[in-house]
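With numbering that gives the first Met the number 0, the residue at position 288 of the sequence shown is 287, and numbering never jumps.
Here's the structure we're looking at; comments come further down.
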Amino acid sequence: MDTTSHIIIGLGLGALSHIDPMVAESATLSYAVLIGTVFGSNAPDFDYVYKLKGNSSYYRHHRGWSHSLLALPLWGLIVSGSIYFFFSEVPFLHLFLWTFLSVILHVFLDLFNVYGTQAIRPFSTKWISFDSIPLVDPYILSLHIIGFFLLPFYEAGRVFIIIYMLIFLYLLLRTSYASFTKRYLQGHFQNAIRIKLMPRAGILYWDLLIETEDDFLFGEYSRKSLVIDHTLPKKQDDSDLILESMNDSLVSDFLSSTNFAYPFVQKKKNGTFVCWKDLRFRNNKFFPYLAVVFISTELKSKASYTGWVYSLKKYKKVLRKLEHTSPSCSGKKQSYLEG
């Protein structure tokens, strides 16, 4: 989920904490717990610090160790311990438990969107994604907003225990429907290697990606109605250049963040662009999350880019900059990054 969603959920957990009699009876503990749930609800995303080393480093590590089983109690201790330094009079156990719950809920909810997490590290580096809800889910946010409006009239803990029961019921229904949809599609595409659902805000609507041995199929699905609107062949002629592009550090970081990368090759007079795009993120046949390498004709120089590009105009600007940069490298590699 996005940062705004996690902040709102942290506020909701702060209200829910009033089901704890110790929190409800102490204004100081209530305030400390609220700070703990808000920061705890965002703590796993503190891996944003990797951006200090560049965006590609962030893409490689985001939702990795910071969202792992080992990290959960550590985040809880770090956040609650920092708050306890300023609120030493409050019972630490209650502060820690509510903060720890907010950390757990952060990682739990991240499992339900298309990006997923490496939550079972160190036992496996597998990405886990239930493909159930969009990154910004309007229903979860709306339920929290309704709860906030009810707080002046009803007891906070009781309001939000109902809110969270409804949210968990909603997650169960969407996840069950996603599982049913995948099984239904697998029955019609028995040669499919993988089927990836990209949830929309509408509960019954999905964008989808179907991988076969020969190609990738893109389409839309709703109520047992499927429309395939785009395909990409797996077989490509420029395998040597594609392999060469994978040696670039920015591309390597990008590829570590997704199992759905696809290389597009575009040749120019003075070199070749190899553009790796994440097929999970698609907007009108445009893939905004990408890594691009420009390789000169003599294979003497490279220039690369990784980031999110949301328009064709910006994409062309990136290509022009790479093409202009590479020949002046004199055999060296240059990289630049944007968010």
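C-beta atoms are modelled at their ideal positions from N, C-alpha and C, and glycine is treated no differently.
Predicted, not measured: the structure shown is a model, and the values here were computed from it.
Identify every residue that forms a DSSP beta bridge with residue i.
i, result
"Thr98", "Thr98 is not bridged to any residue."
"Ser221", "Tyr204 and Ser224"
"Glu297", "Looking at the DSSP assignment, Glu297 forms no beta bridge with any residue, so it has no partner."
"Gly347", "Examination of residue 347 is not possible in this model, given that the chain is present from 0 through 338 alone."
"Pro232", "Asp214"
"Ile346", "As displayed, the chain neither begins before 0 nor continues past 338, which places residue 346 out of reach and without an answer."
"Asn283", "Beta-bridge pairing links Asn283 to no other residue."
"Ile127", "Thr116"
Is residue i buried or exposed, if buried means 16 or more other CB atoms sit within 10 Å of its CB?
i, result
"Ile192", "exposed"
"Thr340", "Residue numbering for the chain in the displayed model covers 0 to 338; residue 340 lies beyond these limits and cannot be assessed."
"Asn269", "exposed"
"Gln117", "buried"
"Tyr220", "buried"
"Gly338", "Note that Gly338 scores 47 on pLDDT, short of 50, meaning its location in the model is unreliable and no value can be drawn from it."
"Phe85", "exposed"
"Tyr153", "exposed"
"Ser81", "exposed"
"Pro198", "buried"
"Ala26", "exposed"
"Val291", "buried"
"Ser329", "Because the pLDDT of Ser329 is 40, which lies under 50, any placement of that residue in the model is unreliable, and the number read from its coordinates should be weighed accordingly. Looking at its Cβ environment, which holds fewer than 16 other Cβ atoms inside 10 Å, Ser329 is exposed."
"Pro232", "exposed"
"Val226", "exposed"
"Ala401", "Beyond the ends of the chain as shown, which are 0 and 338, falls residue 401; an answer cannot be given."
"Arg222", "exposed"
"His60", "buried"
"Arg340", "Look at the range of the chain in this structure, 0 to 338, and you will see that residue 340 is not part of it."
"Ile43", "Correcting the residue identity first, residue 43 is Pro in this sequence and not Ile. By the 10 Å Cβ count, Pro43 comes out buried."
"Asp136", "buried"
"Leu142", "buried"
"Ser327", "Confidence at Ser327 is low in this model, with a pLDDT of 43, below 50, so the placement of that residue is unreliable and no value is reported for it."
"Ser29", "buried"
"Asn41", "buried"
"Thr3", "exposed"
"Gly11", "buried"
With a threshold of 8 Å (Cβ to nearest heavy atom), would residue i be considered close to the ligand FMN?
i, result
"Ser55", "This structure lacks the ligand FMN, and indeed carries no ligand of any kind."
Roughly how far, in whole angstroms, is the beta-carbon of residue i from the beta-carbon of residue j, given that I think they are within contact range, below 8 Å?
i, j, result
"Leu94", "Val32", "6 Å"
"Val48", "Leu71", "That pair is no contact at about 18 Å."
"Val250", "Ser303", "7 Å"
"Asp247", "Lys195", "Not confirmed; about 25 Å, so no contact."
"Tyr58", "Asp252", "6 Å"
"Leu121", "Ser65", "Rather than Leu, the amino acid found at residue 121 in this sequence is Pro. The pair is not a contact, with the Cβ atoms about 13 Å apart (cut-off 8 Å)."
"Leu108", "Met245", "Not confirmed; about 33 Å, so no contact."
"Leu104", "Ile8", "7 Å"
How far does the beta strand (DSSP E) with residue i in it reach, from first residue to last?
i, result
"Lys266", "Ala260 to Lys267"
"Gly270", "Gly270 to Asp277"
Mind checking which residues open and close the alpha helix (DSSP H) that includes residue i?
i, result
"Phe179", "Ala155 to His187"
"Met21", "Pro20 to Glu24"
"Glu88", "Per DSSP, Glu88 belongs to no alpha helix (DSSP H) and is neither H nor E."
"His323", "Leu311 to Thr324"
"Val250", "Ser248 to Ser255"
"Asn54", "Asn54 to His60"
"Asp44", "It is not in any alpha helix (DSSP H) - Asp44 carries neither H nor E in the DSSP assignment."
"Ala118", "No alpha helix (DSSP H) contains Ala118, which DSSP labels as neither H nor E."
"His5", "Thr2 to Leu15"
"Pro137", "Pro137 to Leu149"
"Asp239", "Ser238 to Ser244"
Hey, out of the options, whose CA is closest to residue i's CA?
i, options, result
"Cys274", "Val317, Asn283, Ser255 and Pro232", "Val317"
"Leu289", "Ser16, Trp205, Tyr261 and Gly80", "Tyr261"
"Trp205", "Leu168, Asn112, Gln235 and Glu212", "Asn112"
"Tyr114", "Pro133, Glu243, Ile103 and Leu104", "Pro133"
"Val308", "Ile127, Pro287 and Ser295", "Pro287"
"His229", "Glu210, Asp247, Thr174 and Leu108", "Glu210"
"Gly35", "Ile6, Ala23, Ser55 and Tyr57", "Ile6"
"Ile294", "Thr3, Thr324 and Leu278", "Thr324"
"Ser256", "Asn41, Gly63, Gly9 and Leu15", "Gly63"
"Leu254", "Lys276, Lys52, Asp239 and Lys181", "Lys276"
"Phe38", "Ile241, Gly75 and His61", "Gly75"
"Glu297", "Thr271, Asp236 and Asp213", "Thr271"
"Asp213", "Gly201, Lys223 and Gln235", "Gln235"
"Ile166", "Ser65, Gly186, Ile144 and Phe148", "Ile144"
"Val174", "Tyr83, Ser131, Thr124 and Leu216", "In the sequence under discussion, the amino acid at residue 174 is Thr, which differs from the Val named in the question. Comparing Cα-Cα distances from Thr174 to each of Tyr83, Ser131, Thr124 and Leu216, the minimum goes to Ser131."
"Asp237", "Phe217, Lys125 and Lys266", "Lys266"
"Trp343", "Leu110, Lys181, Ile161 and Leu184", "The question about residue 343 has no answer here: the residues shown for the chain are numbered 0 through 338."
"Val22", "Pro90, Lys315, Ser310 and Leu51", "Pro90"
"Tyr169", "His187, Arg157, Ala155 and Ala200", "Ala200"
"Ser224", "Phe215, Leu240 and Leu207", "Leu207"
"Ala155", "Lys181, Glu322 and Ser16", "Ser16"
"Asp19", "Asn283, Ser79 and Phe159", "Phe159"
"Ser123", "Gly218, Leu69 and Arg319", "Leu69"
"Tyr176", "Met164, Phe217 and Phe129", "Phe129"
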